[in-house]
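Visitor: Just passing along the structure, written as structure tokens.
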Amino acid sequence: MLEMLVEGARQLGLTLTPAQLAAFQTYYEELVVWNRRFNLTAITDYQAVQVRHFLDSLSCLLALRTVGGRPGRAPRKPSVAGDGLRVIDVGTGAGFPGLPLKIVCPEMRLTLLEATGKKTRFLEHIVARLGLRRVTVIHGRAEELGHVPGHREGYDWVLARAVAEMPTLAEYLLPLCRVGGHCLAQKGEDAPAEVTRAERAITLLGGEVNRLIPVELPGLAETRYLVVVDKVATTPEKYPRRPGIPSKRPLR
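So in the working numbering, spot 222 of the sequence shown is number 231, and the numbers just go up one at a time.
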């Protein structure tokens, strides 16, 4: 079982333990059951979930284990990437990429931010079902959380997958990232063009593009990218703007 996950993880430099594989199997089963009621994801095929949800999430380790970390520390090995880091997954949906990363990096302090109530109920359920510790589920929006003390500029890594185009996404992510931290956006083949369109917004919000990391997943023809943005300066207090405005009037 989970053969594609095992092989794909090996290509990422990970050897998944029996306990981790059991957690992924339970995650899949619960996702399918809840999806019948709440339509959490359009992808429920067993093989497709392994690649498009689990492996796609774990590919973030290509950035987490090589970029930054705590000041003064060497880059981490894949098995301990994210150790002790404070991470937030913005618009996490059914928990991607945050929860697969938490399964393989248990010391990560993870916050899952989701605006849809039915999805946050699933997240609370699966976190409890898997017995994951140091995971906080928040029902809310990035535009609001980005102004809340303790969250604004409070995270080492701010992650997002398939949430918005880069000019809008930058305004969601960078206010939550501490100076010296990093944002990571999972993007498709249009990532280079999106980043070009977002350069002004990224700079205005205190960011600087670090790199684009290409990702090849087994069985998928398209190339995906990890867009890594460093937080190099404090975000101006007026950002993020009120809910809905970043998507209606992206910074250009």
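All C-beta atoms in this analysis are idealised placements derived from N, C-alpha and C, irrespective of residue type, glycine included.
Using the Cβ count rule (16 or more neighbours within 10 Å means buried), how would you classify Gly107?
Guide: Label assigned to Gly107: buried.
Visitor: Report the option in Ile135, Thr101, Cys114 whose CA atom is closest to the CA atom of Thr120.
Guide: The shortest Cα separation from Thr120 among Ile135, Thr101, Cys114 belongs to Thr101.
Visitor: Considering only C-alpha positions, which residue in the set Val167, Glu198, Leu214, Ala173 is nearest to His191?
Guide: Checked all of Val167, Glu198, Leu214, Ala173; the closest Cα to His191 is Val167.
Visitor: May I have the straight-line CA-CA distance separating Arg258 from Thr244, to the nearest angstrom?
Guide: One C-alpha to the other measures close to 18 Å.
Visitor: Pull up the distance between the alpha-carbon of Glu152 and that of Leu25, whole angstroms please.
Guide: Computed Cα separation, rounded: 36 Å.
Visitor: Rounded to the nearest angstrom, what separates Trp43 and Ile135 at their Cα positions?
Guide: If I take the Cα positions, the gap works out to 10 Å.
Visitor: Can Leu185 and Glu217 be called in contact, C-beta distance under 9 Å?
Guide: No.
Visitor: By the 10 Å Cβ neighbour count, where 16 or more other Cβ atoms means buried, how is Gln20 classified, buried or exposed?
Guide: Counting Cβ neighbours within 10 Å, Gln20 comes out exposed, since fewer than 16 surround it.
Visitor: With Leu118 and Leu94 assumed to form a contact (beta carbons below 8 Å), what rounded beta-carbon distance in angstroms separates them?
Guide: Correcting the residue type first, residue 118 is Arg in the shown sequence and not Leu. That belief holds up - the Cβ atoms of Arg118 and Leu94 are roughly 7 Å apart, short of 8 Å.
Visitor: Just the C-alpha distance for Phe63 and Glu12, rounded to the nearest angstrom, thanks.
Guide: Straight-line Cα distance between these residues: approximately 12 Å.
Visitor: Evaluate Arg209 with the Cβ neighbour count: other Cβ atoms within 10 Å of its Cβ, from every protein chain shown; 16 or more gives buried, anything less gives exposed.
Guide: Arg209 comes out exposed.
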